[in-house]
Amino acid sequence: MSNEIRSLLQEKLDKIKCFYKCTQDITRAIEEEDSEKLLELLKNRQEIIKEIEIVDNNLHSLFNGDFHVFLKKILQCNGEIKKVYNNILKFLNKIQEMDEKNLVRIKELFTKINEDISHLKQTGNALKGYGFIGKASYDGAFIDTKK
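Going by the working numbering, the residue at position 46 of the sequence shown is 53; the numbering climbs one at a time, nothing skipped.
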């Protein structure tokens, strides 16, 4: 059972490392304000989350879904299993920090986008008021053909 736990925890650690790298890429996409890249990365991140959930379900099935028994087993283990588990926790803490910073940045970005949209609407309304937008040109031109 210990080998199975170790292999599942190692698999989870590998997936969490991918998750961490994806979160770093999301941070760069937010800084660059690249919304297309950001959407692609968020979809990729969601797939990684699904993969991690599968590994978690496999781990929990070993302990009949009892997290306390699982945690007790991990804390009793010395060596590689505990080391892998601690690495998982370390990466999760780093990811959480980055996510909190990214959330603040993304809110600022959405606020900026909303302000830009509002400004464009105001500009469009002003141009309509002056007759530049929304009115067809019905003014004709007279061409004197008798000369």
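Ideal Cβ placement from N, Cα and C applies to all residues, glycine included. Small disclaimer: the values here were computed from a predicted structure and weren't measured.
Pairwise C-alpha distance: residue j and residue i
{"i": "Ile12", "j": "Glu40", "result": "41 Å"}
{"i": "Leu49", "j": "Lys80", "result": "34 Å"}
{"i": "Val111", "j": "Gln31", "result": "15 Å"}
{"i": "Ala133", "j": "Leu127", "result": "10 Å"}
{"i": "Ile102", "j": "Lys28", "result": "9 Å"}
{"i": "Asn10", "j": "Ile61", "result": "18 Å"}
{"i": "Lys108", "j": "Glu38", "result": "11 Å"}
{"i": "Asn71", "j": "Glu115", "result": "44 Å"}
{"i": "Ile55", "j": "Ala36", "result": "18 Å"}
{"i": "Met105", "j": "Lys135", "result": "45 Å"}
{"i": "Gly175", "j": "Phe117", "result": "Since the displayed the chain opens at 8 and closes at 154, residue 175 lies outside it and no answer follows."}
{"i": "Gly86", "j": "His67", "result": "21 Å"}
{"i": "Ile124", "j": "Glu43", "result": "18 Å"}
{"i": "Phe26", "j": "Gln129", "result": "41 Å"}
{"i": "Ile120", "j": "Thr152", "result": "54 Å"}
{"i": "Leu46", "j": "Arg52", "result": "10 Å"}
{"i": "Ile33", "j": "Ile113", "result": "10 Å"}
Three-state class that DSSP yields for residue i in the structure shown
{"i": "Phe70", "result": "coil"}
{"i": "Lys19", "result": "helix"}
{"i": "Asn85", "result": "coil"}
{"i": "Thr152", "result": "coil"}
{"i": "Glu47", "result": "helix"}
{"i": "Asp106", "result": "helix"}
{"i": "Glu40", "result": "coil"}
Check whether residue i and residue j have beta carbons under 9 Å apart
{"i": "Leu15", "j": "Leu99", "result": "no"}
{"i": "Leu82", "j": "Lys89", "result": "yes"}
Cβ-heavy atom distance, residue i to the ligand MN, below 8 Å
{"i": "Glu39", "result": "Here there are no bound small molecules, and the ligand MN is not part of this structure."}
Residue from the options with nearest C-alpha to residue i
{"i": "Lys24", "options": "Ile59, Thr152, Asp73", "result": "Ile59"}
Is it true that the segment 18 to 26 meets the segment 87 to 95, where meeting means three or more beta-carbon pairs spaced less than 8 Å apart? Yes: at least three Cβ pairs fall under 8 Å.
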